[in-house]
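Novice: The numbering used here puts the first residue of the sequence shown at 459, with every later residue one more than the last.
Have a look at this one before I ask anything.
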Amino acid sequence: MTELSGKVALVTGASRGIGYGVAEALIARGDRVCITGRNEEALKEAVEKLGADRVIGVAGKAHDEEHQAVAVERTMEAFGRVDFLVNNAGTNPVFGPIADLDLNVARKVFETNVISALGFAQRTWHAWQKDNGGAIVNIASVAGLAPSPFIAAYGVSKAALINLTAQLAHEFAPKVRVNAIAPAVVKTKFAAALYEGREEEAAAGYPLGRLGVPSDIGGAAAFLTSDQSDWITGQTLVVDGGVFLNAGVG
Numbered sequence: 459m460t461e462l463s464g465k466v467a468l469v470t471g472a473s474r475g476i477g478y479g480v481a482e483a484l485i486a487r488g489d490r491v492c493i494t495g496r497n498e499e500a501l502k503e504a505v506e507k508l509g510a511d512r513v514i515g516v517a518g519k520a521h522d523e524e525h526q527a528v529a530v531e532r533t534m535e536a537f538g539r540v541d542f543l544v545n546n547a548g549t550n551p552v553f554g555p556i557a558d559l560d561l562n563v564a565r566k567v568f569e570t571n572v573i574s575a576l577g578f579a580q581r582t583w584h585a586w587q588k589d590n591g592g593a594i595v596n597i598a599s600v601a602g603l604a605p606s607p608f609i610a611a612y613g614v615s616k617a618a619l620i621n622l623t624a625q626l627a628h629e630f631a632p633k634v635r636v637n638a639i640a641p642a643v644v645k646t647k648f649a650a651a652l653y654e655g656r657e658e659e660a661a662a663g664y665p666l667g668r669l670g671v672p673s674d675i676g677g678a679a680a681f682l683t684s685d686q687s688d689w690i691t692g693q694t695l696v697v698d699g700g701v702f703l704n705a706g707v708g
């Protein structure tokens, strides 16, 4: 195992997919990590795979304020600090035109994708980062950078998350750096409907010739929480296999 770095991260929505990939990357460099997720059994399995000597899990729904409080408290109790926050928890429960979007569904999307990120940021700030510094990374999406037919609510929420990133970066400076990552399609259960059964076709528009995998985002998150990114804040790092290069091609 890698020697401990002395740093501690809280990664939300990390029992699988991108969040799990982020946790893996942080553990690989020696961090200790608290991961969260809705499914308690899946979370326990993830802790065991990642290493129970380095990782704790706190089950709950990201938008639940009590869960947010418990996750930060448990991290502080277990490790004595929380240097990094990676807001990965997200939802996209609807597919279709925004003209017919159920407003209650829209509220749910924003509660999970935006408000929960703010809640976790506030709590980590007051628990540790305000006095000791650190970094926050919000997992956004390329859907937040351009219109996204049929996943409009998700895209609008990610656009809001990108703006929240800039707002937090301005307010939390100079102690805490806040950045976002905007992935394109990453091969996870969450995004399966966008590529399952037609992966070759889905990847055809990507100049690098493939869809993303969780470790691609994990590496980016590790960079944005490292000393190598010490002069970067308020930015959104697009990690998309080059697919946005095709945006201007008619």
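Yeah, the Cβ is synthetic: ideal placement off N, Cα and C, and Gly gets one too.
How about Ile620 and Ala638: do their beta carbons lie closer than 7 angstroms?
Specialist: For Ile620 and Ala638, yes; Cβs fall inside 7 angstroms.
Novice: Would Leu626 be called buried (16 or more neighbouring beta carbons within 10 Å of its own) or exposed?
Specialist: buried
Novice: Looking at the unbroken alpha helix (DSSP H) that takes in Ala679, where does it start and where does it end?
Specialist: Pro672 to Leu682
Novice: Pro665 and Leu622: beta carbons closer than 7 angstroms?
Specialist: no
Novice: Could you name each continuous alpha helix (DSSP H) segment of 4 residues or more that falls completely within the segment 539-572, going from the start of the chain to the end?
Specialist: Considered as a whole, the segment 539-572 harbours 561-568 as its complete alpha helix (DSSP H) runs of no fewer than 4 residues, in chain order.
Novice: Does the count of Cβ pairs from the segment 553-572 and the segment 484-499 closer than 8 angstroms reach three?
Specialist: no
Novice: Can you check whether the CB of Gly613 is closer than 7 angstroms to the CB of Ala709?
Specialist: The displayed coordinates of the chain run from 459 to 708. Any statement about residue 709 would go beyond what the structure contains.
Novice: I'd like the list of long-range same chain contacts for Val466, defined as Cβ closer than 8 angstroms, with 5 residues on each side in sequence excluded.
Specialist: Cβ within range, chain order: Asp489, Arg490, Val491, Cys492, Thr533, Phe537, Gly538, Arg539, Val540, Asp541 and Phe542.
Novice: So Leu468 is in the alpha helix (DSSP H); what residue range does that whole segment cover?
Specialist: Premise fails: Leu468 lies in the beta strand (DSSP E), Val466 to Val469, not in any alpha helix (DSSP H).
Novice: State the start and end residues of the unbroken alpha helix (DSSP H) segment that holds Thr623.
Specialist: Ala610 to Phe630
Novice: Could you say which of Glu523, Thr646, Ala610 and Tyr653 lies nearest to Asp674 if we only look at CA atoms?
Specialist: Thr646
Novice: Applying the 10 Å Cβ sphere with the 16-neighbour rule, what's the burial state of Gln686?
Specialist: exposed
Novice: So Ala617 and Thr694 are in contact, right, with Cβ under 8 angstroms, and what is the actual spacing, rounded?
Specialist: 10 angstroms between Cβ atoms; not a contact.
Novice: Looking only at its own chain, which residues have a Cβ that is under 7 angstroms from the Cβ of Ser463, when we skip the five neighbours before and after it?
Specialist: Answer for Ser463: Arg487, Gly488 and Asp489, listed in chain order.
Novice: How long is the line joining the alpha carbons of Thr683 and Phe630, rounded to whole angstroms?
Specialist: 15 angstroms
Novice: Kindly confirm or deny that the segment 553-565 and the segment 580-592 touch, where touching means at least three C-beta pairs closer than 8 angstroms.
Specialist: no
Novice: Please say whether Val469 and Ala483 have beta carbons closer to each other than 7 angstroms?
Specialist: no
Novice: Val671: buried (16+ other C-beta within 10 angstroms of its C-beta) or exposed?
Specialist: When all chains shown are included, Val671 counts as exposed.
Novice: Please classify Val707: is it buried, with 16 or more other beta-carbons within 10 angstroms of its beta-carbon, or exposed?
Specialist: Confidence is the limiting factor: at Val707 the pLDDT is only 43, short of 50, which leaves the residue's position unreliable, though a coordinate-based value still follows. Exposed, since its Cβ has fewer than 16 Cβ neighbours within 10 Å.
Novice: Could you tell me which residues DSSP puts in a beta bridge with Ala517?
Specialist: Gly495, per the DSSP bridge assignment.
Novice: Please look up how many angstroms separate the CB atoms of Thr549 and Val530, rounded, as I've assumed it's under 8 angstroms.
Specialist: At roughly 21 angstroms, the Cβ-Cβ gap does not stay under 8 angstroms, so Thr549 and Val530 are not in contact.
Novice: Less than 7 angstroms separating the beta-carbons of Lys633 and Gly591?
Specialist: yes
Novice: Anyone know if the C-beta pair for Arg512 and Ile476 falls short of 7 angstroms?
Specialist: no
Novice: Could you spell out the range, first to last residue, of the beta strand (DSSP E) harbouring Leu576?
Specialist: It is not in any beta strand (DSSP E) - Leu576 instead sits in the alpha helix (DSSP H) that spans Ser574 to Thr582.
Novice: Which residues mark the beginning and the end of the beta strand (DSSP E) in which Leu695 is found?
Specialist: Thr694 to Val697
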